[in-house]
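The opening residue of the sequence shown carries number 142 in the working numbering; numbering runs sequentially from there. Quick reminder that beta carbons are idealized off the backbone N, C-alpha and C, glycines included. Read through the structure below, which is laid out as structure tokens, and then see the notes.
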Amino acid sequence: CLYSSSTFFVLTLGSGTYGFTLDENIGEFVLSHPNIKIPEDSKILSFNEANTHMWDEPLQEVVAGWRNGTGKNGASFTSRYIGSMVGDV
Numbered sequence: 142c143l144y145s146s147s148t149f150f151v152l153t154l155g156s157g158t159y160g161f162t163l164d165e166n167i168g169e170f171v172l173s174h175p176n177i178k179i180p181e182d183s184k185i186l187s188f189n190e191a192n193t194h195m196w197d198e199p200l201q202e203v204v205a206g207w208r209n210g211t212g213k214n215g216a217s218f219t220s221r222y223i224g225s226m227v228g229d230v
């Protein structure tokens with residue numbers, strides 16, 4: 142099955158990012174994606190951009206840096222639009 146229903150919870154406490162998947166059998170989130178990182182050679186970003194204007198200014202500046210090539214690695218990122226509801230549901 143290409144798509145399935147699952148619930149993810151992603152958490153950062155300022156030092157590392159961790160992804161948890163809801164295990165419906167035990168009713169708890171289980172660590173499934175430890176130490177999530179953006180690949181160094183990545184050039185594509187993808188997220189729901191509908192509310193970016195409501196983000197805090199530092200986050201808006203980071204995303205703007207990714208887009209125009211003034212971010213940490215100097216790469217210009219392009220957006221990827223998935224064109225389906227699956228990514229948001």
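> What is the residue span of the beta strand (DSSP E) that E202 lies within?
Replying inline: Counting along the chain, E202 falls outside any beta strand (DSSP E), though it belongs to the alpha helix (DSSP H) covering 198-209.
> Expressed to the nearest angstrom, what Euclidean distance is found between the alpha-carbon atoms of I177 and T158?
Replying inline: If I take the Cα positions, the gap works out to 5 Å.
>> Here's a check: name, in chain order, each residue in its chain whose Cβ is nearer than 8 Å to the Cβ of K213, leaving out the five neighbours to either side.
In response: These residues qualify, in order along the chain: G206.
>> At the level of alpha carbons, what is the spacing between Q201 and F218?
In response: When rounded, the distance between both Cα atoms is 14 Å.
> DSSP state of T148, grouped into three classes?
Replying inline: If DSSP states are grouped into helix, strand and coil, T148 belongs with coil.
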